[in-house]
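>
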Amino acid sequence: MSSHPELAEKFTRDVARTTWHDETLWFVRQKRDRIAYTIPEFQQLRDLASQVKNHMLSRIDEYLIQFEENAKKNGVHVHWAADAEEHNRIVLSILQKHGAKRMVKSKSMLTEECHLNPFLQANGIQVVDTDLGERIVQLRNEPPSHIVLPAIHLKKEDVGETFHQHLGTPKGEKDPQALTEAARQHLREQFIAADVALTGVNFAIAETGGFVVCTNEGNADLGVNMAPVHIACMGIEKLLPKLKHLGIFTRLLARSATGQPVTTYTSHFTRPAEGREMHIVIVDNGRTQQLGRPDFRNSLKCIRCGACMNTCPIYRRSGGHSYDATVPGPIGAILSPNIDLKKYSSLPFASTLCGSCSDVCPVKIDIHNQLYKWRQVISEEGAMSKSKKWSMKAMTTLLASPTLFALGGKFGRMMLKILPHSLTHAKSINPWAKTRELPAPPAKSFREWYAENNNEEQVNGKTESVTGPSIKQIAKHE
Amino acid sequence: MKVGLFVPCYVDQFYPQVAIASLQLLRKLGVQVEFPTKQTCCGQPMANSGCEQEALPVYHHFVDTFENYDYIVCPSGSCVYHVQKHYNVIEQTSSVQHVRAKTVELVDFISTVLGVDTLPGKFPYKVGLHQSCHGQRGLRLATASEFTPKQESATRQLLLSKEGLELTELDRKDECCGFGGTFCVVEEAVSGRMGQDRIADHQKNGTQVLTGGDMSCLMHLEGIVRRQQLAMRVMHVAEILNGNEP
Chain A
295 MSSHPELAEK
305 FTRDVARTTW
315 HDETLWFVRQ
325 KRDRIAYTIP
335 EFQQLRDLAS
345 QVKNHMLSRI
355 DEYLIQFEEN
365 AKKNGVHVHW
375 AADAEEHNRI
385 VLSILQKHGA
395 KRMVKSKSML
405 TEECHLNPFL
415 QANGIQVVDT
425 DLGERIVQLR
435 NEPPSHIVLP
445 AIHLKKEDVG
455 ETFHQHLGTP
465 KGEKDPQALT
475 EAARQHLREQ
485 FIAADVALTG
495 VNFAIAETGG
505 FVVCTNEGNA
515 DLGVNMAPVH
525 IACMGIEKLL
535 PKLKHLGIFT
545 RLLARSATGQ
555 PVTTYTSHFT
565 RPAEGREMHI
575 VIVDNGRTQQ
585 LGRPDFRNSL
595 KCIRCGACMN
605 TCPIYRRSGG
615 HSYDATVPGP
625 IGAILSPNID
635 LKKYSSLPFA
645 STLCGSCSDV
655 CPVKIDIHNQ
665 LYKWRQVISE
675 EGAMSKSKKW
685 SMKAMTTLLA
695 SPTLFALGGK
705 FGRMMLKILP
715 HSLTHAKSIN
725 PWAKTRELPA
735 PPAKSFREWY
745 AENNNEEQVN
755 GKTESVTGPS
765 IKQIAKHE
Chain B
191 MKVGLFVPCY
201 VDQFYPQVAI
211 ASLQLLRKLG
221 VQVEFPTKQT
231 CCGQPMANSG
241 CEQEALPVYH
251 HFVDTFENYD
261 YIVCPSGSCV
271 YHVQKHYNVI
281 EQTSSVQHVR
291 AKTVELVDFI
301 STVLGVDTLP
311 GKFPYKVGLH
321 QSCHGQRGLR
331 LATASEFTPK
341 QESATRQLLL
351 SKEGLELTEL
361 DRKDECCGFG
371 GTFCVVEEAV
381 SGRMGQDRIA
391 DHQKNGTQVL
401 TGGDMSCLMH
411 LEGIVRRQQL
421 AMRVMHVAEI
431 LNGNEP
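In the order they appear, the protein sequences are chains A and B.
Quick note: the first sequence uses the working numbering, first residue 295, plus one each step.
Quick note: the second sequence uses the working numbering, first residue 191, plus one each step.
1) Can you pull the chain A neighbours of T338 (chain B), defined as C-beta to C-beta under 8 angstroms?
2) Using a Cβ cut-off of 7 angstroms, pull out every chain A residue sitting near E365 (chain B), in sequence order please.
3) Could you confirm whether any beta carbon from chain A is found closer than 8 angstroms to the beta carbon of V380 (chain B)?
4) Where does D423 (chain A) fall in DSSP's three states?
5) Quick one: Cα of H562 (chain A) to Cα of N510 (chain A), how far?
6) Express the C-alpha separation of Y315 (chain B) and F204 (chain B) in angstroms, rounding to a whole number.
7) Are the beta-carbon atoms of L546 (chain A) and L339 (chain A) separated by less than 8 angstroms?
8) In the DSSP assignment, what are the bridge partners of L319 (chain B)?
9) Given a limit of 8 angstroms on CB to CB distance, which residues of the stretch 330–362 of chain B reach chain A?
10) In whole angstroms, give me the CA-to-CA distance for Q432 (chain A) and R383 (chain A).
11) How would you list, in chain order, the residues of chain B whose beta-carbon sits under 7 angstroms from the beta-carbon of G649 (chain A)?
12) Might you give, ordered along the chain, the residues of its own chain that have their beta carbon closer than 8 angstroms to the beta carbon of E751 (chain A), omitting 5 neighbours on each side?
13) Along the chain, where does the alpha helix (DSSP H) containing Q222 (chain B) start, and where does it finish?
14) Could you give the C-beta distance for I329 (chain A) and G553 (chain A), rounded to a whole number, given that I count them as a contact under 8 angstroms?
15) For the beta strand (DSSP E) containing L145 (chain B), name the first residue and the last one.
16) Out of A:F336, A:N519 and A:A500, which has the shortest C-alpha to C-alpha gap to L534 (chain A)?
17) Identify, in the order they occur along the chain, each residue of the same chain with its Cβ nearer than 7 angstroms to the Cβ of V286 (chain B), setting aside the five sequence neighbours on each side.
18) Taking CB distances under 8 angstroms as the criterion, tell me whether F666 (chain A) reaches chain B.
19) Could you give the first and the last residue of the continuous beta strand (DSSP E) run that contains L492 (chain A)?
20) Can you check whether the C-beta of R644 (chain A) is within less than 8 angstroms of a C-beta belonging to chain B?
21) Looking at the unbroken beta strand (DSSP E) that takes in I262 (chain B), where does it start and where does it end?
22) By how many angstroms is the C-alpha of G194 (chain B) removed from the C-alpha of T729 (chain A)?
23) With DSSP run on the structure shown, which of helix, strand or coil describes L309 (chain B)?
24) Straight-line CA distance for A302 (chain A) to D618 (chain A)?
25) Assuming F256 (chain B) and P226 (chain B) make a contact with CB atoms under 8 angstroms, what is their CB distance in whole Å?
26) Any idea what DSSP makes of L304 (chain B), helix, strand or coil?
27) Please name the residue in A:S716, A:K687 and A:M709 whose C-alpha comes closest to that of G233 (chain B).
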């Protein structure tokens, strides 16, 4: 099991790919900015969305029951799953009831979270992901690296190679149009042959018992309209109280995700067409546990737009797979420790706490504050290395005493001065020195200077030359 | 008004010129300011590493040191943010509440408490301003690009009041530099890369002097500038505002 720093280091070794990955996602962030700037009430929308979700979470039990009642009235079969295993069993039982062998799926991070595909495949069901990016990573036997842009870590050359192997496109083909056409023809066959279509749920409306699925490719609609059975899987947090709240979220979702005014397909599903069946599987899988953690319950407001990933300077430079979690990036780093604190203990540290994730979040989740809080939990619950804990304790001892601090500082500066550069900057023992020089140690600390100079005349006079070389000296040096 | 100068631990040891400039600048502006010598650190390095509980003795020491000052002024948004935001985990005595409310970032103090928005002097260089994240998004000392394309902050305004000073227009106005406290060591690969990218943006757009309100970010960026042997000078904003030469 590798930690985030190890996987991130591996990713950054390919300098050109890191540049490309960073720039690609930054481009999406800029698109988001441009469209957000044009909506004068964008910040009020974020407030509203946050409040609606807060309210829903405070009465989630009531709204879930209301949703179930209304969905049943509409003729929809409603199932409840406490965890991933139960979710998978329910889906399989529906498929078996219909003697189904082939299922098409539109992108659903919940089914990724539950590892539905391998489970169904092991039970003799052919599962085809129909979102283009999702299909690409499925053919490569990889998990998605981003929740909205699952194959964003791949270049068109990589896709060409994958399609050459699996779909028989010419070797070396990298024309996006040709590759997309190949995928379209291939997927069309899958849609026609499917016995069951499975979709995720972006928003479920308690008031009506209906739900909304947003895609840009129309793949959810194609699947659902062709197959006789529709299974929709949703986490409990997808609820909205009333239909009138939906508009707030559809305005925010696409703008935050990709910089579009709205997703190309925002499809409403309420009841099955005549002669067909519709099922909804409502899944907990750790969500009520997170709901019970006051510091982290806010994370359940997430509408999975991925904006925090696009803005995160760490995600952009480490890639989605470095998080080794279903949901990567800043939001994943606060959702994952809820599931397995030990396994994901490096994720809350994969952040500078810069706060851009919180500022870009359409539902105002205080992501960076939660990262900070997870760090405290990881330390308290013993999921932190002993050496790190020990060094932090030693640091406190040093920093709680002015005498020790002054002495320690003096010693440190002296060592920096007398030890050879090759030792102080040895990359094997000093991670700082891999890309950076250490500060040049000054002759005196400020406190030493202050003890000698704290009289009006000198303090108000010209600055002593305690700085490094001047810009003119540097220029001369060139 | 009695002001205590809070000098971040690493500034005290490695960048005394920043503390000197802060002290001189405040005194030039007529502020009665002193440096309480028993001060050490705000405890942020431990707390951000998850060891908030271990850092509590440092928090108490900080409050003891500064409780009798009207304002505690610090040339670092990051440390100020930590005191204001994260000292909520100790008992909220009147001293703690006072210290949390009155610990203010240097430029913010000059602009909002003293009401100063221009400073005399020349600085005929192209200056690249690095808005530190804790100052910008933590203390809201500058507008953030997530909200608006406009770039506004008291730091920009004060810098632009210097004769001849031109601010660099960056491709990415306010992205994090990658320092992040212990992040710079724990996630060395990503941190280094982030810093290199920030410096490349400044290089590309002509920065001669790189400045900012947080010496920690600047320490990391200066480390990259010196490793790459670039003709770019790194100065804390207090130095420029105080009239120091590059």
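Using N, Cα and C, we set each Cβ at its ideal position, and we do this for glycine too.
Here's the rundown:
1) Here residue 338 (chain B) refers to the residue found at position 148 when the second sequence is read from its first residue. Ordered by position in chain A, the residues that pass the 8 angstroms Cβ test against T338 (chain B) are Y331.
2) Locating residue 365 (chain B) in the second sequence gives position 175, where the first residue counts as 1. Ordered by position in chain A, the residues that pass the 7 angstroms Cβ test against E365 (chain B) are P607.
3) Residue 380 (chain B) sits at position 190 when you count from the first residue of the second sequence. Closer than 8 angstroms to some Cβ of chain A, the Cβ of V380 (chain B) qualifies, so yes.
4) On the first sequence, residue 423 (chain A) is found 129 positions in, with the first residue counted as 1. Looking at D423 (chain A) - three-state DSSP - the assignment turns out to be strand.
5) Taking the first sequence and counting its residues from 1, one reaches residue 562 (chain A) at position 268. Taking the first sequence and counting its residues from 1, one reaches residue 510 (chain A) at position 216. So the alpha carbons of these two residues sit roughly 14 angstroms apart.
6) Against the second sequence, residue 204 (chain B) aligns to sequence position 14. Against the second sequence, residue 315 (chain B) aligns to sequence position 125. Roughly 25 angstroms between the two C-alpha positions.
7) Stepping through the first sequence from its first residue, residue 546 (chain A) is reached at position 252. Stepping through the first sequence from its first residue, residue 339 (chain A) is reached at position 45. Yes, the Cβ-Cβ distance between L546 (chain A) and L339 (chain A) is below 8 angstroms.
8) Counting from 1 along the second sequence, the entry for residue 319 (chain B) is found at position 129. DSSP lists B:T401 as partners of L319 (chain B).
9) A334, S335, E336, F337, T338, P339 and R362
10) As a first step, residue 432 (chain A) is located in the first sequence; it is residue number 138 there, counting from the start. As a first step, residue 383 (chain A) is located in the first sequence; it is residue number 89 there, counting from the start. Computed Cα separation, rounded: 21 angstroms.
11) Position 355 of the first sequence holds residue 649 (chain A). By Cβ distance, chain B contributes C323, R327 and G328.
12) In the first sequence, residue 751 (chain A) corresponds to position 457, counting from 1. Annotation note: pLDDT 48 at E751 (chain A) (below 50); position unreliable, coordinate value reported separately. Here the set comprises nothing.
13) Start at 1 with the first residue of the second sequence, and residue 222 (chain B) comes out as number 32. No alpha helix (DSSP H) contains Q222 (chain B), which is instead part of the beta strand (DSSP E) from Q222 to E224.
14) Numbered from 1 along the first sequence, position 35 holds the residue referred to as residue 329 (chain A). Numbered from 1 along the first sequence, position 259 holds the residue referred to as residue 553 (chain A). The Cβ separation is near 5 angstroms, so the contact holds.
15) Past the edges of chain B, shown from 191 to 436, lies residue 145 (chain B), and the structure says nothing about it.
16) If you number the first sequence from 1, residue 534 (chain A) lands on position 240. Closest by alpha carbon: A:A500.
17) If you number the second sequence from 1, residue 286 (chain B) lands on position 96. Excluding residues within five positions, the ones whose Cβ falls inside 7 angstroms are V253, Y277 and I280.
18) In the first sequence, counting from the first residue as 1, residue 666 (chain A) sits at position 372. The sequence as given places Tyr at residue 666 (chain A); Phe does not occur at that position. Chain B, which has a Cβ nearer than 8 angstroms to the Cβ of Y666 (chain A), makes this yes.
19) Translated into the one-based positions of the first sequence, residue 492 (chain A) becomes position 198. Taken as a continuous stretch (DSSP letters only), the beta strand (DSSP E) holding L492 (chain A) covers V490 to T493.
20) As a first step, residue 644 (chain A) must be located in the first sequence, where it is residue number 350. Sequence check: residue 644 (chain A) is Ala here, not Arg. Answer yes: the Cβ-Cβ gap between A644 (chain A) and chain B drops below 8 angstroms somewhere.
21) Taking the first residue of the second sequence as position 1, residue 262 (chain B) is located at position 72. First-last of the beta strand (DSSP E) with I262 (chain B): Y261 to C264.
22) Sequence index remark: in the first sequence, residue 729 (chain A) carries index 435 (1-based). Sequence index remark: in the second sequence, residue 194 (chain B) carries index 4 (1-based). Rounded to whole angstroms, T729 (chain A) to G194 (chain B) spans 36 angstroms at the Cα level.
23) Along the second sequence, one-based indexing puts residue 309 (chain B) at 119. The answer is coil: DSSP assigns L309 (chain B) none of H, G, I, E or B.
24) Start at 1 with the first residue of the first sequence, and residue 302 (chain A) comes out as number 8. Start at 1 with the first residue of the first sequence, and residue 618 (chain A) comes out as number 324. One C-alpha to the other measures close to 11 angstroms.
25) Against the second sequence, residue 256 (chain B) aligns to sequence position 66. Against the second sequence, residue 226 (chain B) aligns to sequence position 36. Rounded, the Cβ-Cβ distance is 7 angstroms, consistent with contact.
26) For the purposes of this step, residue 304 (chain B) is taken as the residue at position 114 of the second sequence. Coil.
27) What you label residue 233 (chain B) is simply residue 43 of the second sequence in a count that begins at 1. It is A:K687.
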